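Asker: As you go down the protein sequences, you meet chains A and B in turn.
For the first sequence, numbering that gives the first Met the number 0 gives the first residue as 0, with consecutive numbering after it.
For the second sequence, numbering that gives the first Met the number 0 gives the first residue as 0, with consecutive numbering after it.
Quick reminder that beta carbons are idealized off the backbone N, C-alpha and C, glycines included.
Since we're looking at a predicted model, the values are computed, not measured.
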Amino acid sequence: MRKITVSEFVSLDGVMQDPMWTFKYWADDIAAFKFAELFAHDAQLMGRVTYEGFAEAWPGRKDEQGYADYMNTMPKYVVSTTLENPTWTNSHVIKTNVVDQIRKLKEQPGQDILVFGSDTLVQTLVQNDLVDRYNLLIYPVVLGAGKRVFMEGANTTLKLIKTESFSTGVTALVYERDCKA
Amino acid sequence: MRKIVVTEFLSLDGVMENPGWTFPYWNDTISHFKGEEMDAADALLLGRITYEGFAAAWPNSNDEGAPAMNSIAKYVVSNTLQTADWNNSHIIRGNVIDELRKLKQQPGKDLLVGGSAMLAQTLIKNNLVDTYRLLIYPVVLGKGKRLFQDGATAALKLVESKDMGGGVVALVYEPDRKA
């Protein structure tokens, strides 16, 4: 079964929204982490707001490693009841029966599915126990406001898979679902 | 100047309250981490609720940490607490920020803050925290007091990150005073 990875830039107080506050910490080692992450997946799943931001930012970008090319060509599943005529290459809208459709997606053959941003969708995934892995990049900032990865009421036990420290004070924490819990 | 060190057990979603949920994860590495910070301190700085919980539990405890916890000086910040009976306790009332600044100016080792959500938040807001020692547990709790409240902001510098085993990670930060 395909797994769903939720990948987020997170402040130390758990805020994930509008992560421009990450830019000053960008470094080659973080880039390497993000590159390996993208290429371990063959599809993206996202909410409308994240989709619209990406659909505007990514087309036309190019980099030597091919990260942008892959972002642009890989299939994207957008969960939205209002999005019509998505313009980004290889986009598919999931409009109804969201949880069922996501479950069906997981049952299809393929690699794992990557979720960036998408705070509302992430709440739905967490509530329906659909997240298999969290790739969390923890930034050395406290923001005090903004949407969080884990909202009030979210309750789960996870298994730490690995930690990685980056040169600019950012720490990666990778968790998977704890099957024994 | 003495340092104020805030040390907390945190869930992955930032909850620090009533950390009984940490017990199944206890191990020697975590024990050593907690021992280290006690050794570097010569006083605890606590809010009333944490103080009352500690004062009820530690005097009769056979835990290996008990002798140190019972003998170390404790400063409890409270305007309502009338008496502080736990060995070597002193109440800080009134202009807390001023009193804490004075305490920092005195010669001595670290002032260690454990638990004490409201006090910790006051320290964060007033830029009085010199080190954060955070143990991050692989649990999401969904409710309870958080270390960082809405509105709290800080720019930090990662000092150390360490896999403590059993799914727990230690993250140690200092304020980034250049930021």
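Take ILE96 of chain B and list the residues in its own chain whose beta-carbon comes closer than 7 Å to its own, dropping the five residues that flank it on each side.
Answerer: Residue mapping note: residue 96 of chain B aligns to position 97 of the second sequence, counting from 1. Result list for ILE96 of chain B: ASN125, in chain order.
Asker: May I ask you to list the residues that DSSP assigns as paired with SER90 of chain A?
Answerer: Position 91 of the first sequence, counted from the first residue, corresponds to residue 90 of chain A. DSSP output for SER90 of chain A lists A:LYS75 as bridge partner(s).
Asker: Which residues of the region 149-173 of chain A have a Cβ closer than 7 Å to any Cβ of chain B? Give them in chain order.
Answerer: Cβ contacts with chain B: PHE149, GLU151, GLY152, ALA153, ASN154, THR155, THR156, LEU157, LYS158, LEU159, THR162, SER164, GLY168, THR170 and LEU172.
Asker: Under a three-way DSSP split, which group does ILE137 of chain A fall into?
Answerer: On the first sequence, residue 137 of chain A is found 138 positions in, with the first residue counted as 1. ILE137 of chain A: strand per DSSP, three-state reduction.
Asker: Run through the DSSP bridge pairs and tell me what HIS40 of chain A is partnered with.
Answerer: The sequence position of residue 40 of chain A within the first sequence is 41, counting from 1. Answer is A:ASP111, bridged to HIS40 of chain A.
Asker: Tell me whether the region 152-172 of chain A and the region 120-138 of chain A touch, counting them as touching only if at least three CB pairs, one residue from each stretch, are closer than 8 Å.
Answerer: Yes: at least three Cβ pairs fall under 8 Å.
Asker: Residue ranges of each alpha helix (DSSP H) run of no fewer than 4 residues wholly in the region 15-98 of chain B, ordered along the chain?
Answerer: Runs found: 27-38, 47-56 and 65-70.
Asker: Extract the residue ranges of the alpha helix (DSSP H) inside the region 7-70 of chain A, only unbroken runs of 4 or more that lie entirely within it.
Answerer: With a minimum length of 4 residues, the continuous alpha helix (DSSP H) runs that stay inside the region 7-70 of chain A are 27-38 and 47-56.
Asker: When we look at the beta-carbon of ALA31 of chain A and count the other beta-carbons within 10 Å, is it buried (16 or more) or exposed?
Answerer: Stepping through the first sequence from its first residue, residue 31 of chain A is reached at position 32. ALA31 of chain A is exposed by the Cβ-count criterion.
Asker: Give a yes or no on whether 8 Å exceeds the smallest Cβ distance from GLY19 of chain B to chain A.
Answerer: Residue numbering aside, residue 19 of chain B sits at position 20 when the second sequence is read from its first letter. No, GLY19 of chain B lies away from the interface with chain A (no Cβ there is under 8 Å from its Cβ).
Asker: In this structure, what does DSSP give as the bridge partners for THR156 of chain A?
Answerer: On the first sequence, position 157 is the one that residue 156 of chain A refers to. BP columns for THR156 of chain A point to B:VAL138.
Asker: Just grab the DSSP bridge partners of ILE3 of chain B for me.
Answerer: As a working note, residue 3 of chain B is residue 4 in the second sequence. DSSP, once it has assigned bridges, lists B:LEU110 as partnering ILE3 of chain B.
Asker: Please report how far the alpha carbon of VAL130 of chain A lies from the alpha carbon of ASP118 of chain A, in whole angstroms.
Answerer: Here residue 130 of chain A refers to the residue found at position 131 of the first sequence. Here residue 118 of chain A refers to the residue found at position 119 of the first sequence. The straight-line gap from Cα to Cα measures roughly 13 Å.
Asker: Give the C-beta separation of MET73 of chain A and ASP41 of chain A to the nearest angstrom, bearing in mind that I take them to be a contact with Cβ-Cβ under 8 Å.
Answerer: If you number the first sequence from 1, residue 73 of chain A lands on position 74. If you number the first sequence from 1, residue 41 of chain A lands on position 42. With a Cβ gap of about 6 Å, MET73 of chain A and ASP41 of chain A count as contacting.
Asker: Measure the C-alpha to C-alpha separation of GLY46 of chain A and VAL78 of chain A and round it to an integer number of angstroms.
Answerer: Here residue 46 of chain A refers to the residue found at position 47 of the first sequence. Here residue 78 of chain A refers to the residue found at position 79 of the first sequence. Going by the C-alpha atoms only, they are around 5 Å apart.
Asker: So is PRO106 of chain B buried or exposed if we call it buried at 16+ other beta carbons inside 10 Å?
Answerer: Locating residue 106 of chain B in the second sequence gives position 107, where the first residue counts as 1. PRO106 of chain B comes out exposed.
Asker: Leaving out five residues on either side along the sequence, give the residues of the same chain with a beta carbon under 8 Å from the beta carbon of VAL141 of chain A.
Answerer: Locating residue 141 of chain A in the first sequence gives position 142, counting from the first residue. SER10, LEU11 and ASP12, listed in sequence order.
Asker: To the nearest angstrom, how far is the alpha carbon of ALA56 of chain A from that of THR21 of chain B?
Answerer: One-based indexing of the first sequence puts residue 56 of chain A at position 57. One-based indexing of the second sequence puts residue 21 of chain B at position 22. Answer to the nearest angstrom: the Cα atoms are 42 Å apart.
Asker: Decide if the region 26-40 of chain B is in contact with the region 159-171 of chain B; the criterion is three or more beta carbon pairs, one per stretch, under 8 Å apart.
Answerer: The region 26-40 of chain B vs the region 159-171 of chain B: in contact.
Asker: Alpha carbon to alpha carbon, what distance is there between MET0 of chain B and LYS101 of chain B?
Answerer: One-based indexing of the second sequence puts residue 101 of chain B at position 102. One-based indexing of the second sequence puts residue 0 of chain B at position 1. Distance between the alpha carbons of LYS101 of chain B and MET0 of chain B is about 10 Å.
Asker: Please confirm if GLY116 of chain A has its CB atom under 8 Å from at least one CB of chain B.
Answerer: The count along the first sequence starts at 1 and reaches residue 116 of chain A at position 117. Not one chain B Cβ lies under 8 Å of GLY116 of chain A.
Asker: Which residue marks the beginning of the beta strand (DSSP E) containing VAL167 of chain B, and which one marks its end?
Answerer: On the second sequence, residue 167 of chain B is found 168 positions in, with the first residue counted as 1. Start and end: 167-174.
Asker: Need the endpoints of the alpha helix (DSSP H) that MET117 of chain B sits in, please.
Answerer: What you label residue 117 of chain B is simply residue 118 of the second sequence in a count that begins at 1. Where MET117 of chain B is concerned, the enclosing alpha helix (DSSP H) stretches over 116-124.
Asker: Determine, using beta carbons only, whether PHE203 of chain B comes closer than 8 Å to chain A.
Answerer: Given that chain B is displayed from residue 0 to residue 178, the structure contains no residue 203 of chain B and the question cannot be resolved.
Asker: Determine, for VAL5 of chain A, whether the minimum Cβ-Cβ distance to residues of chain B falls below 8 Å.
Answerer: Along the first sequence, one-based indexing puts residue 5 of chain A at 6. So, not an interface residue.
Asker: Find the nearest neighbour of LYS161 of chain A within the set B:PRO137, B:GLY13, B:ASP109 and B:ASP84, judged by alpha-carbon distance.
Answerer: For the purposes of this step, residue 161 of chain A is taken as the residue at position 162 of the first sequence. Nearest C-alpha to LYS161 of chain A: B:PRO137.
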